[in-house]
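At position 23 of the sequence shown the residue is numbered 23 (UniProt numbering), and the sequence of numbers has no breaks. Below is one structure; the comments refer to it alone.
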Amino acid sequence: MFTGIVQATAPIVEITERANFRTHVMKFTPELLIGLETGASVAHNGCCLTVTKIDGERVSFDLIKETLRLTNLGELQEGDVVNIERAAKYGDEIGGHVVSGHIMTTAEISKIFTSEDNHQIWLSIRDKSLMKYILHKGFVAIDGISLTVGDVINNRFCVHLIPETLERTTLGKKRLGDKINIEIDPQTQAIVDTVERVLNQKEQEKLLQQAEEMADIAKTE
C-alpha cells in the first residue's frame, strides 16, 4: 500500500532489455535505502515493483510484460528520472489517499497552462471506459502522485499542481504528448460499480414486471 505522496525522485542508471522483460537499476539516496531489503515493494511512477537486488546505492527491479504494457515505464531510458515512494507502514500519516500501486491505464498530456504560481495539466485518458471513475473533486494517482481532479470534460480531465509538487516530482518537466500512469481511486471505483449494479438490477426487475403485466393482459383478451 502507498499514499500517493512521492518521497523522492531517482535516476535509472542501467537498463537490461530482453523480450517482454526489463530490469531497471536505480540510484537511490541514503534516505531511500534506510531499511530497504530485497522483496520490498517500491512505487515507480506509481507502479508497485519488487526489489530484486541491492548493491550499495544501486537497486534493481524487474518489469514483466504486463507492467510494460500498462505503464509508461517501458518507454524510459537510462538517465530518466522516476517518482519514488516506499511502501507505507501501519501508523504512517496518509497525506494523500490509499494507493495500491496497480496502474490501470495511461493518459496523454493534451494541454499545459502555467502562470506564476499555478500549473494546470489536462490529460486524455487511454482507456475511455475508466472515465466514469474520474469525478470532479475526486482522487486520482498520476505517476504515483495523489491529486484532486479538477474539471472533467468528455474524455479529458485536469489537475492543478502547486510549486511544491512541481519541485519534488517529475511532473514539472513533463511536456505535451508525454504518457502518464493512472491509478483510479479504489473507493470511487467501488461506489460507482455498486451504483451501476443496483441500477441495472432495478432496470431488469422493471422490465420483468412489464413483461409479466403484458402476459397477464394477453391472457384476458
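A virtual CB, placed ideally from N, CA and C, is assigned to each residue, including glycine. Note that the structure is a prediction, hence the values are computed from the model and not measured.
Query: Coil, strand or helix - Asn181 by DSSP; Result: strand
Query: Beta-bridge partners of Leu161, as assigned by DSSP; Result: His119
Query: Cβ neighbour criterion (16 or more within 10 Å) applied to Ile153; Result: exposed
Query: Exposed unless 16 or more other CB atoms sit within 10 angstroms - verdict on Val198; Result: exposed
Query: Per DSSP, the bridge partner or partners of Pro11; Result: Val81
Query: Range of the contiguous alpha helix (DSSP H) that encloses Thr67; Result: Lys65 to Leu70
Query: Expected contact under 8 Å - CB spacing of Ile5 and Gly96 to nearest Å; Result: 5 Å
Query: Where the beta strand (DSSP E) containing Leu49 begins and where it ends; Result: Cys47 to Asp55
Query: According to DSSP, residues forming a beta bridge with Glu108; Result: Ser124 and Lys179
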